[in-house]
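Trainee:
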Amino acid sequence: MRSSGRRYFNTEGIVVRARDLGEADRIIILLTPNRGLVSAVARSARRTKSRTGGHVDLLRHITAQISEGRSDLHTISQVETINAHLPLRNDLDRLTLASHFAEITERFGLPNAANLSLFTLLKDALTYTETTPKPTLPLLRLWHESTLLTAVGLQPQLHRCVRTNVEIPPGDHFFSPAEGGIIKRPDKADNSSTPDPVSFDSSEDDSQAIPIIPVPLNTIKLLRHIARIPDWGRLAKLRADTRDIDGGLKVIGAMLRYQQERGVGRAERVMGEVGNSSG
Amino acid sequence: MVKGLTNTTPLAEWGQEGILPSPAQRERVRVRVTGEDKRAGPAEHHTSFPSFKIISIIVLNTISPMSAFRPDPPRPITPVAPDSYTPRGVAAPVARVIEAFRRLPGIGPKSAQRLAYHLVRMPEAEAEELAEAITGVKLRIKLCTVCADITEQPTCHICQDPNRDRSVICVVEEPLDVTALERTRAYNGLYHVLHGAISPTSGIAASDLKIKELLQRLQNQQPSEEVTEVIVATNTNLDGEATAMYLQRAITPAGIKVTRLARGLPSGTDIEYADDATLAHSLESRAEIQ
Chain A
1 MRSSGRRYFN TEGIVVRARD LGEADRIIIL LTPNRGLVSA VARSARRTKS RTGGHVDLLR
61 HITAQISEGR SDLHTISQVE TINAHLPLRN DLDRLTLASH FAEITERFGL PNAANLSLFT
121 LLKDALTYTE TTPKPTLPLL RLWHESTLLT AVGLQPQLHR CVRTNVEIPP GDHFFSPAEG
181 GIIKRPDKAD NSSTPDPVSF DSSEDDSQAI PIIPVPLNTI KLLRHIARIP DWGRLAKLRA
241 DTRDIDGGLK VIGAMLRYQQ ERGVGRAERV MGEVGNSSG
Chain B
1001 MVKGLTNTTP LAEWGQEGIL PSPAQRERVR VRVTGEDKRA GPAEHHTSFP SFKIISIIVL
1061 NTISPMSAFR PDPPRPITPV APDSYTPRGV AAPVARVIEA FRRLPGIGPK SAQRLAYHLV
1121 RMPEAEAEEL AEAITGVKLR IKLCTVCADI TEQPTCHICQ DPNRDRSVIC VVEEPLDVTA
1181 LERTRAYNGL YHVLHGAISP TSGIAASDLK IKELLQRLQN QQPSEEVTEV IVATNTNLDG
1241 EATAMYLQRA ITPAGIKVTR LARGLPSGTD IEYADDATLA HSLESRAEIQ
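Those sequence lines, one after another, are chains A and B. Residue numbers for the first sequence follow our numbering, beginning at 1 and rising by one. Residue numbers for the second sequence follow our numbering, beginning at 1001 and rising by one.
Next up, the structure:
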């Protein structure tokens, strides 16, 4: 019997992006533990009687047999759901937050580059988004974003000044997304109270400069605490002040935006409107 | 040294393809290198790495599956010079039609050629009728001022129909969904077309849709035509669910009942292939056998 010549591989993955293709197909991007981002076509997924359609919706944790294509676009051959994350689909705030996690994970993931930490982080973050009490969601977001930066090798420097390499003394300081860490506040004897901003390119004018962000002491403490205890189970019990969480989100958000080289994310924009509608 | 490529560049295989490390340059590239070592394999396995020198980089945007997620830039219709998809020797007017068809969703180069040559063989009157229909759809069509469905009049025929039940509004994502629901002949209420769905992953927010118009419509209703129920008939995917939840949150405070189309197993399906969400909804919405 002649072999069809097709190569298959089995993998689990989380659907981080999906878009319609043609009349009834759907292209999905899966974040997998061993192959990084994998793009695959789910044939006829949008038809009512499709066997794959229900399994390849966004945020689903699935296991799939994938037929390798000639390019990096493969085809889903068989698929089964491991976790549908049903509670997310009944709560708009949780759903938009989970979409935000998927979006930034996809932006920092790479095709054909395994990153088990990134996969585990997203898997855990989706589960925690389902179960964690609503007031804790902003802290969960801060935990996810800072842990993601660590998982992709971009952990911000929070203990030493990124310009002078001196240890950061207790107090309010500054954060530079471009330099990836805290800048020590100049001493009172120094004339300048704010450090110079950093430009994208030294040859460009100052209009391209990336502003540095003032960071209060408690926000620095919170960010260090999250970096030290990356376990959400323990962190969830932390009673952090809303202002410190917001400050941390501002710092980490600036770092994410700088690294992505783009502005507000898609889910972040929707999150803003959803937050206003509930208020 | 090429900017953005360093010794740690995760090139998949030398002489083949790799990815530039900077997020802004995340394009699939083909790299040619000089050197004696012709072994294929992951770059990090090459111990003699520093002796290699990059001599050319070709950006292969078009084959990257990631590029499928970027919006396509508008393709200009070339009146004379056909592009690489059009076979050589094709007359310029035919090439133009092929190129025009290729811009339609779901039409590939071969289908575009078949349709173009079908047009060539078509009687002149029929071709003129088709051309008139295409221009007419752009010139005469507008959105209904009440429900935002596509219509030729300021108000669509459904909103004008006095026999329709004005106490129920069915909210759908696209004008085609109205056609699908009308085909059932099971619904006699009014519609509201959102022209999309809230999509956190695509960045489509409520303000991009006709949701504000729906809320205004509910606010400004006549006492004699009071709306008592809004049926949310958005798709059952994540975006549809997000839209339904947003509408429920926005409309319920006005004291109007918000319902969702039932979700469950389609006729003729095998239960073993149904996903968890569908099965769970089917169980929730189970009905007594009469």
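From the three backbone atoms N, C-alpha and C, an ideal C-beta is built for every residue, glycine too. Please read these numbers as outputs of a predicted model, since none were measured by experiment.
Any C-beta of chain A sitting closer than 8 Å to the C-beta of residue 1174/B?
Mentor: Your numbering for residue 1174/B matches position 174 in the second sequence. Closer than 8 Å: no.
Trainee: Determine, using beta carbons only, whether residue 1162/B comes closer than 8 Å to chain A.
Mentor: Taking the second sequence and counting its residues from 1, the one referred to as residue 1162/B is at position 162. Not an interface residue.
Trainee: Curious, which full-length alpha helix (DSSP H) runs of at least 4 residues does the region 217-250 of chain A contain?
Mentor: Correct list: 217-228 and 232-235.
Trainee: To the nearest angstrom, how far is it from the Cα of residue 195/A to the Cα of residue 1257/B?
Mentor: Position 195 of the first sequence holds residue 195/A. Position 257 of the second sequence holds residue 1257/B. Going by the C-alpha atoms only, they are around 57 Å apart.
Trainee: Starting from the Cα of residue 254/A, find the closest Cα among 242/A, 212/A and 105/A and give me that residue.
Mentor: For the purposes of this step, residue 254/A is taken as residue 254 along the first sequence, with counting starting at 1. Out of 242/A, 212/A and 105/A, 212/A has the C-alpha closest to the C-alpha of residue 254/A.
Trainee: Any contact between the region 3-23 of chain A and the region 57-74 of chain A? By contact I mean 3 or more CB pairs, one from each, below 8 Å.
Mentor: The region 3-23 of chain A, when compared against the region 57-74 of chain A, does touch it at the 8 Å Cβ threshold.
Trainee: Round the Cβ separation of residue 92/A and residue 146/A to the nearest angstrom and send it over; I've been treating them as touching at under 8 Å.
Mentor: Taking the first residue of the first sequence as 1, we reach residue 92/A at position 92. Taking the first residue of the first sequence as 1, we reach residue 146/A at position 146. About 25 Å separates the two Cβ atoms, so there is no contact after all.
Trainee: Determine the direct distance from the alpha carbon of residue 42/A to that of residue 69/A, and round the result to whole angstroms.
Mentor: In the first sequence, the residue the question calls residue 69/A occupies position 69. In the first sequence, the residue the question calls residue 42/A occupies position 42. Residue 69/A and residue 42/A: Cα-Cα distance of roughly 13 Å.
Trainee: Just to confirm my understanding: we take residue 1281/B, look at its own chain, exclude 5 residues before and 5 after, and list those with CB closer than 7 Å. What are they?
Mentor: By one-based count along the second sequence, residue 1281/B stands at place 281. Same-chain partners within the cutoff: 1263 and 1264.
Trainee: Is there a Cβ of chain B sitting closer than 8 Å to that of residue 249/A, yes or no?
Mentor: Position 249 of the first sequence, counted from the start, is the residue given in the question as residue 249/A. Closer than 8 Å: no.
Trainee: What does the alpha-carbon distance come out to for the pair residue 265/A and residue 96/A?
Mentor: Here residue 265/A corresponds to residue number 265 of the first sequence, with the count starting at 1. Here residue 96/A corresponds to residue number 96 of the first sequence, with the count starting at 1. Taking the straight line joining both Cα atoms gives about 12 Å.
Trainee: Is it the case that the Cβ atoms of residue 1142/B and residue 1151/B are separated by a distance below 8 Å?
Mentor: Locating residue 1142/B in the second sequence gives position 142, counting from the first residue. Locating residue 1151/B in the second sequence gives position 151, counting from the first residue. Yes. Within cutoff.
Trainee: Fully enclosed by the region 1078-1148 of chain B, which alpha helix (DSSP H) runs are 4 residues long or longer?
Mentor: Qualifying alpha helix (DSSP H) stretches, in chain order: 1092-1102, 1109-1121 and 1124-1140.
Trainee: Give a yes or no on whether the minimum CB-CB distance between residue 1234/B and chain A is below 8 Å.
Mentor: As a first step, residue 1234/B is located in the second sequence; it is residue number 234 there, counting from the start. Answer no: the Cβ-Cβ gap between residue 1234/B and chain A never drops below 8 Å.
Trainee: In three-state terms, what does DSSP make of residue 85/A?
Mentor: Position 85 of the first sequence, counting from 1, holds the residue named residue 85/A. Coil.
Trainee: At which residue ranges does the region 1139-1210 of chain B contain complete beta strand (DSSP E) runs of 3 or more residues, listed in the order of the chain?
Mentor: Complete beta strand (DSSP E) runs here, min 3: 1165-1172 and 1189-1193.
Trainee: Just how far apart, CA to CA, sit residue 165/A and residue 158/A?
Mentor: Mapped onto the first sequence, residue 165/A falls at position 165. Mapped onto the first sequence, residue 158/A falls at position 158. Rounded to the nearest angstrom, the two C-alpha atoms are 11 Å apart.
Trainee: Just reading off the alpha helix (DSSP H) that residue 144/A is part of, what are its end residues?
Mentor: Reading the first sequence from its first residue, position 144 is the one you call residue 144/A. Its alpha helix (DSSP H) spans residues 137-151.
Trainee: What are the residues of the region 1235-1261 of chain B that lie near chain A, defined by any Cβ-Cβ distance shorter than 7 Å?
Mentor: Flagged, chain order: 1237, 1238, 1241, 1242, 1245, 1246, 1249 and 1250.
Trainee: What is the rounded straight-line gap between the Cα of residue 181/A and the Cα of residue 161/A?
Mentor: Within the first sequence, numbered from 1, the residue matching residue 181/A stands at position 181. Within the first sequence, numbered from 1, the residue matching residue 161/A stands at position 161. Approximately 7 Å between the Cα atoms of the pair.
Trainee: Chain B partners of residue 84/A, CB-CB under 7 Å?
Mentor: If you number the first sequence from 1, residue 84/A lands on position 84. Within 7 Å Cβ-Cβ: 1275, 1276 and 1277.
Trainee: Name the two residues that bound the continuous beta strand (DSSP E) containing residue 36/A.
Mentor: As a first step, residue 36/A must be located in the first sequence, where it is residue number 36. Start and end: 36-42.
Trainee: Just to make sure I have the definition right: I need the residues of chain B whose C-beta is within less than 8 Å of the C-beta of residue 22/A. Which are they?
Mentor: Here residue 22/A refers to the residue found at position 22 when the first sequence is read from its first residue. Those within 8 Å of residue 22/A in chain B are 1105 and 1106.
Trainee: How would you list, in chain order, the residues of chain B whose beta-carbon sits under 7 Å from the beta-carbon of residue 49/A?
Mentor: The residue labelled residue 49/A in the question sits at position 49 within the first sequence. Simply 1266, 1268 and 1269.
Trainee: Output yes or no for whether 8 Å exceeds the beta carbon distance between residue 1233/B and residue 1198/B.
Mentor: On the second sequence, residue 1233/B is found 233 positions in, with the first residue counted as 1. On the second sequence, residue 1198/B is found 198 positions in, with the first residue counted as 1. No. Outside cutoff.
Trainee: By DSSP, does residue 176/A sit in helix, in strand, or in coil?
Mentor: As a first step, residue 176/A must be located in the first sequence, where it is residue number 176. Strand at residue 176/A.
Trainee: When burial is assigned at 16 or more other CB atoms within 10 Å of the CB, is residue 111/A buried or exposed?
Mentor: Your numbering for residue 111/A matches position 111 in the first sequence. So residue 111/A ends up on the buried side.
Trainee: The alpha helix (DSSP H) with residue 1282/B in it runs from where to where?
Mentor: For this step, residue 1282/B is matched to residue 282 along the second sequence. Unbroken alpha helix (DSSP H) run through residue 1282/B: 1276-1284.
Trainee: What whole-angstrom Cβ distance do residue 60/A and residue 16/A have, given they're in contact under 8 Å?
Mentor: Within the first sequence, residue 60/A is the residue found at index 60, counting from 1. Within the first sequence, residue 16/A is the residue found at index 16, counting from 1. No, residue 60/A and residue 16/A are not in contact; Cβ-Cβ is about 10 Å, not under 8 Å.
Trainee: Taking the straight line between their C-alpha atoms, what separation do you get for residue 270/A and residue 1144/B?
Mentor: By one-based count along the first sequence, residue 270/A stands at place 270. By one-based count along the second sequence, residue 1144/B stands at place 144. Distance between the alpha carbons of residue 270/A and residue 1144/B: 27 Å.
Trainee: With a CB to CB cut of under 7 Å and the five nearest residues on each side skipped, what residues in its chain are close to residue 136/A?
Mentor: By 1-based counting over the first sequence, the position of residue 136/A is 136. Same-chain partners within the cutoff: 236.
Trainee: Here's the rule I'm using: 16 or more other beta-carbon atoms within 10 Å means buried, otherwise exposed. How should residue 1113/B be labelled?
Mentor: Residue mapping note: residue 1113/B aligns to position 113 of the second sequence, counting from 1. Residue 1113/B comes out buried.
Trainee: If you measure from the beta carbon of residue 102/A to each beta carbon in chain B, is any gap under 8 Å?
Mentor: Taking the first sequence and counting its residues from 1, the one referred to as residue 102/A is at position 102. With 8 Å as the cut-off, residue 102/A counts as an interface residue toward chain B.
Trainee: What are the start and end residues of the beta strand (DSSP E) that includes residue 12/A?
Mentor: Numbered from its first residue, the first sequence carries residue 12/A at position 12. Run containing residue 12/A: 8-21, per the beta strand (DSSP E) assignment.
Trainee: Would you mind stating whether residue 984/B and residue 1119/B have Cβ atoms separated by less than 8 Å?
Mentor: The structure shown does not extend to residue 984/B, since chain B spans only 1001 to 1290, so no value can be given for it.
Trainee: Using a beta-carbon distance cut-off of less than 9 Å, what residues from the region 1196-1207 of chain B approach chain A?
Mentor: The residues in question are 1198, 1199, 1200, 1201, 1202, 1203, 1204, 1205, 1206 and 1207.
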